[in-house]
Every structure is written in C-alpha cells, then in structure tokens.
Amino acid sequence: PRLIDRLVTLILTGNKLDALSADLLAQIGSKAPHLRALGLASTGMNSAMVGTLLAAVLGGPARAGSAIGLDLSGNHIAEGVSPALAQGLPLSNGAQDSRLTALLLRDSALGEAGVAAVASL
C-alpha cells in the first residue's frame with residue numbers, strides 16, 4: 067500500500083507553509099483515510115489556509131466517519147480561526163461525518179473575542 071493509505075500522524079511543526087503548500091497538504095489530508103493527528107504548530111498557517119485544510123480533511127470521501135486532532139499552536143490566527151473552523155466542521159453529527167476531536171491553539175493570539183468565537187462552535 068501507498069504511504070498515504072497508511073499515514074496516521076503527520077507532524078510538520080516549525081516548517082513554514084505558504085498557500086500552495088497548504089493546498090497540497092489539504093489534498094493529502096483528504097485522501098489519507100487513517101490520518102488521526104495533524105501537527106501544524108508554528109507553520110505560518112493563516113485563517114484562510116486553516117479553512118481550506120479543514121474543508122478537505124473533514125469533507126473528503128476517503129475520510130468519511132473518521133476523526134482527527136489538529137495542532138495549530140503558534141500560528142497567530144486570532145479571531146479568524148472561528149470562521150475557518152466553522153467552514154470545515156460537518157453540518158450534522160451523522161455516523162458518516164468526519165469529526166475534529168482535538169484542537170490545540172496554544173500561543174495563537176486568540177484573545178477574548180477569539181476564545182468566545184471558538185467556544186460558540
């Protein structure tokens with residue numbers, strides 16, 4: 067089997083990602099059926115990149131019914147994380163939906179408004 071078919075954890079912490087690399091990562095994430103943890107701390111991810119990634123990872127047909135934990139610590143995505151997360155989260159809680167099961171946002175400059183936005187998801 068190909069690596070993408072066996073991939074369970076992908077940690078890219080500290081590697082700077084741009085929009086193109088985030089798009090490629092989204093493609094990989096959408097096709098990796100066993101991916102359970104994605105470490106993207108201190109990678110320079112912005113809110114738009116997070117939205118694209120989550121939409122792909124949580125919405126890809128290969129990922130139906132799966133769960134994933136996401137570490138976005140140190141990316142200074144501030145209040146913009148809430149719309150990005152909302153864009154990527156499933157609309158229902160059916161058995162076929164992918165689920166975000168862990169979210170790490172340490173040192174992400176959320177502030178009070180950002181914390182309130184995440185809490186409202």
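Sequence positions in the sequence shown follow this note's numbering and run 67 to 187. C-beta atoms are modelled at their ideal positions from N, C-alpha and C, and glycine is treated no differently.
The DSSP-derived three-state label of Leu171 is coil.
In this structure, Gly80 places its C-beta atom within 9 angstroms of the C-beta atom of Thr109. When DSSP states are grouped into helix, strand and coil, Ala103 belongs to the strand group. Going by C-alpha positions, Leu73 is about 25 angstroms away from Arg172. By the criterion of a C-beta distance shorter than 8 angstroms, Arg102 is surrounded in its chain by Val74, Thr75, Ser132, Ala133, Ile134, Gly135, once the five residues flanking it on both sides are discounted.
In terms of Cβ geometry, Leu119 and Gly95 form a close pair [threshold 9 angstroms].
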